[in-house]
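First residue of the sequence shown: 780, per this note's numbering; consecutive thereafter.
Written below as structure tokens is the structure these notes are about.
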Amino acid sequence: MKKPIFKLLKLFLLTSITFVIITGCNNYSSQKNQIFNSNSATSECKSIQHDLGETCIPLNPKRIIALDEKMMEILIALDLKPIAAPKPSLAGSKIKILGEQAEGIVSLGKVVEPNLEKIVKLKPDLMLGFSFSTEQNYQLFSNIAPTVAIEYSHNAWKDALLQVAEITGKQKQAQQLLDKYQQRIEVLRKNLNNKNNQKTVTISRFYNGETPEFRNKLSFPVSVISEVGLSIPEKQTQITNTSGNSYVSVSLERIDLLDADVLFAALDPKAEESFKRYQNSPLWKELNAAKNNQVYTVDSSYWIFGNILSANAILDDLEKYLLNEKNVKN
């Protein structure tokens, strides 16, 4: 009797062990497949040709880092709020004009030396920037996350907006932004024409302790004011023709180069002393804009560099200063 019972017990144990092994193998195989499928989902990407090479980027990035504030502005405009961005080295930060839209965006320090340790900890799945802010650290950035660099052109800011929109699948939204902007341009141009306000405009930038400049037709702000029918003085246009830059430095002795009907002085942080030094010059008092009380200080954060949101902020200032009767001396 013992032998049959022993055989039955042995058979039961073998069956149980086999069942456990098979179940374990199936579970392992299932887990392995789940891991593989998960990796496959996250590794889906599209290849992007850009200024510094070719990069495969996620189809739906969730943790984007902007590598400069101009890119941050574009992403916010496209409802793709970045998780972090560096601050500009000299010009004022765009945080002021972006307001609540920029809340919660982590600062990465200065654009010339972003905090790489902080970038790693933030675990981005995509980094976007313009070539000037990306090229130096491109390999380091690429080792952290897929990185795309776009060529920056001051007066081709609309092209940059459309390029970022194409990369991120936001073409429709970008076009809507440009359409609304164009509507504003047409209304403002008409209103300026109605006031016979075809004036020459100088756009200058004052630094903290450095020689100021005027912006020429290759610059971002002049591209904006030109659309509403305003123009820079002929003297500045002639100088532009011999320069490949978007600006021309102006010494105290050549303040006459700033002469125009209207002068917008874009001030960097802590540039007030430099601005006052020029204002106190006898040559400054000879400027038509100074004589007619049409010198206006504005914020360099959106008047010097930028994109669609900065361009709209410039239009706000043009309406404020050129259409508001309180600001126009007849």
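All C-beta atoms, glycine included, are put in the ideal place defined by N, C-alpha and C.
This one's a predicted model, so the numbers in the text were calculated from it and none came from an experiment.
(message) Taking only three categories from DSSP, how would you classify E892?
(response) coil
(message) Considering only the alpha carbon of each residue, which of K866, K841, V980, R968 lies closest to D1040?
(response) V980
(message) If distances are taken between C-alpha atoms only, which option among F999, I855, L859 comes closest to I874?
(response) I855
(request) Go ahead and label D958 buried or exposed: buried means 16 or more other beta carbons lie within 10 angstroms of its beta carbon, across all protein chains shown. (result) exposed
(message) Closest to K1049 by C-alpha separation, out of L1031, I884, E1065, Y986, would be which residue?
(response) Y986
(message) What residue range does the beta strand (DSSP E) around S1110 cover?
(response) Nothing about residue 1110 can be read from this structure; the chain reaches only from 780 to 1109.
(request) Determine the DSSP secondary structure at K1099, reduced to helix, strand or coil. (result) helix
(message) What does the alpha-carbon distance come out to for the pair I923 and D858?
(response) 24 Å
(request) Mind checking which residues open and close the beta strand (DSSP E) that includes K825? (result) 824 to 829
(message) Relative to the C-alpha of L905, which candidate in I964, L971, V943 has its C-alpha closest?
(response) V943
(message) On the criterion of 16 or more Cβ atoms from any shown chain inside 10 Å, does T947 qualify as buried, or is it exposed?
(response) buried
(request) Would you identify the three-state DSSP class for A881, choosing helix, strand or coil? (result) helix
(request) Please determine, among D938, P893, I844, the residue with the shortest C-alpha to C-alpha distance to P867. (result) P893
(request) Classify I855 as helix, strand or coil using the three-state DSSP reduction. (result) helix
(request) Would you give the residue range spanned by the alpha helix (DSSP H) that F1043 belongs to? (result) Taken as a continuous stretch (DSSP letters only), F1043 belongs to no alpha helix (DSSP H), being part of the beta strand (DSSP E) at 1041 to 1046.
(request) Measure the CB-CB distance between I1011 and N995 and report whether it falls below 8 Å. (result) yes
(request) Would you tell me roughly how many angstroms separate the C-alpha atoms of D1078 and C835, rounded to the nearest one? (result) 38 Å
(request) Please name the residue, chosen from P991, N970, E1013, that lies closest to S1030 on a Cα-to-Cα basis. (result) P991
(message) Taking DSSP's pairing of strands, which residues face F1054 in a bridge?
(response) Looking at the DSSP assignment, F1054 forms no beta bridge with any residue, so it has no partner.
(request) Within 10 angstroms of the Cβ of S826, are there 16 or more other Cβ atoms? Answer buried if so, exposed if not. (result) exposed
(message) Based on DSSP bridge pairs, tell me the residues matched to M906.
(response) I844, T926
(request) Report the option in P925, Q977, N934, Q1058 whose CA atom is closest to the CA atom of F1084. (result) N934
(request) Confirm, please, whether the CB-CB distance from A1092 to Y1100 is below 8 Å. (result) no
(message) Along the chain, where does the beta strand (DSSP E) containing R994 start, and where does it finish?
(response) 992 to 994
(request) Name the two residues that bound the continuous beta strand (DSSP E) containing R984. (result) 980 to 985
(message) For Q952 and Q1017, I'd like the C-alpha separation in whole angstroms.
(response) 38 Å
(message) Less than 8 Å between the C-beta atoms of I884 and M850, yes or no?
(response) no
(request) In the DSSP assignment, find the alpha helix (DSSP H) that holds K951 and state where it starts and stops. (result) 950 to 973
(message) Beta-carbon within less than 7 Å of L838's beta-carbon, same chain only, minus the 5 sequence neighbours each way: which residues are those?
(response) E823, C824, K825
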